[in-house]
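Trainee: In short: position in the sequence shown from 1, add 1, done, that's our numbering.
By construction, the Cβ of each residue, glycine as well, lies at the ideal position given by its N, Cα and C atoms.
None of the values given here were measured: they were computed from a predicted structure.
Quick one: the structure is below, and I'll ask about it shortly.
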Amino acid sequence: MLLHLLVESKSQYDDLLNKLERIKSIVSDCSDKKCKLHSHISVIEELHDNIVYIGLDNDFYSTYQEILKKIPLQKILENGILVSMDNA
């Protein structure tokens, strides 16, 4: 039975993790080890420890969407961390 049907998601992040578990389950049945999905899942799992999940108010989210058109998310967060360290 689908994991995401069994576990009620508490957040979008939880929902995303449930979907990833479902995809992993489907891919695990794939006997073609050259299938790109196997390597993509490995990459996702390696990145899992470095994922940051946040929620933004609507006003901040629309501003974020505009900034994201010019600056990658990683750079936005890194710059914010550096500014916060300078102000601490």
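1) Could you check the C-alpha separation between Met2 and Met86 for me, to the nearest Å?
2) Determine the DSSP secondary structure at Val53, reduced to helix, strand or coil.
3) To the nearest angstrom, report how far apart His39 and Leu17 are at their CA atoms.
4) Mapping the DSSP letters down to three states, classify Asp108 as helix, strand or coil.
5) According to DSSP, is Ile45 helix, strand or coil?
6) Please state whether DSSP places Ile72 in a helix, a strand or coil.
Mentor: Let me spell this out:
1) Residue 2 sits at position 1 when you count from the first residue of the sequence shown. Residue 86 sits at position 85 when you count from the first residue of the sequence shown. Unreliable placement is indicated for Met2, whose pLDDT of 37 sits below 50; the coordinate value is still reported in the next sentence. Going by the C-alpha atoms only, they are around 46 Å apart.
2) Numbered from 1 along the sequence shown, position 52 holds the residue referred to as residue 53. It is coil, neither helix nor strand.
3) One-based indexing of the sequence shown puts residue 39 at position 38. One-based indexing of the sequence shown puts residue 17 at position 16. Using only the alpha carbons, I get a separation of about 18 Å.
4) What is shown of the chain runs 2 to 89, which leaves residue 108 out entirely.
5) Position 44 of the sequence shown, counted from the start, is the residue given in the question as residue 45. Residue state, collapsed to three classes: helix.
6) Taking the sequence shown and counting its residues from 1, one reaches residue 72 at position 71. Three-state DSSP puts Ile72 in coil, outside helix and strand.
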